[in-house]
Amino acid sequence: THTGISPDNQYGAFKGDDRRYFPDMMAYMDKMIGRVIDKLDQLDLRENTLIIVMGDNGTKEAFSYTLADGSEFVGGKGQCKVNGLQVPLILSYPGTLDPGTQYNSLINLTDLLPTICEAAKIPLPHKDDIDGISFWPQVTGEDTNAHRKHIYTWYNANQPMSDQSKLLRYAQELDFKRYASDANFPKGRFFDLRNDPFEQSGVNKVKFKWNNWHYSGLDIATLSEEQRAAYDRL
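The numbering of the sequence shown is our numbering, which starts it at -4 and goes up by one.
Spelled out as structure tokens, the structure:
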């Protein structure tokens, strides 16, 4: 039983969201990626090809997976919280990248282009006009430092917004996240993601859309010294 959402949405609110089909979709994706790899092996190009597999957003809340501690991680597609932003990212490059290597830092979608260019040893086009930062030195082990310290995002829910006060803007580090002011929260919002990854702290909450609630966040007047420093940085 899916315990993270209401019984009315056990199998999704939209046609095609039935979670019983999710294993089949994963199996089909695995099959199609396997066909690409088989062809590369056939052409003897596998060790000269960087393969990148990345999700574009979190799943809908009809889907979930169970973490190692037994808790349930419910999808949050369309949200700016961890269950809408955190996605799989796998790089495979036999002979260049060691299998099982993990890079635990912030990566933005815009980082893929400069990373691919550096891996291919080709110039990055319009280098000064893009936001992406290569993390190739990190995944190859040449650099042990994080390639970026924060991510800045603005979000309009894929809808034209003439009223900029409804636009969501935030900057985040691995452990902290600060939203700019908007129509619902004129003073902005701040969260400590270490103990509140789903951003549910705060005395007030506003429904954004669907079953997506925005909470007011931590009381700025009661922040710890570490939290205050992060708030000021962001």
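The beta-carbon is built from N, C-alpha and C at its ideal position, and this holds for glycine as well.
For residue i, count neighbouring C-beta atoms within 10 Å of its own C-beta (all shown protein chains included) and say buried if the count is 16 or more, exposed if not.
i	result
Trp208	exposed
Thr139	exposed
His121	exposed
Ala225	buried
With H, G and I counted as helix, E and B as strand and the rest as coil, what does DSSP make of residue i?
i	result
Asp106	helix
Gln167	strand
Tyr226	helix
Glu113	helix
Val233	Lying before the first or after the last residue shown, residue 233 is absent from the chain, which here runs from -4 to 229.
Thr294	Any property of residue 294 remains undetermined from this structure, which presents the chain solely from -4 to 229.
Ser100	coil
Report the partner residues of residue i according to the DSSP bridge assignment.
i	result
Arg184	Tyr174
Val201	His209
Ile146	Gln167
Identify the continuous alpha helix (DSSP H) that holds residue i and give its terminal residues.
i	result
Tyr23	17 to 37
Under DSSP, the beta strand (DSSP E) around residue i begins and ends at which residues?
i	result
Asn140	Looking at the DSSP string, Asn140 is not in any beta strand (DSSP E), and its letter there is neither H nor E.
Glu67	67 to 69
Ser160	Unbroken run through Ser160: none, as it is neither H nor E.
Thr61	59 to 61
Ile85	84 to 87
Ile215	Element bounds for Ile215: n/a, residue is neither H nor E.
Residue i: which of the options sits nearest, CA to CA?
i	options	result
Val48	Pro109, Pro83, Gly95, Thr105	Pro83
Gln154	Gly73, Asn179, Ala57	Gly73
Glu113	Ser129, Asn103, Gln222, Ile125	Ser129
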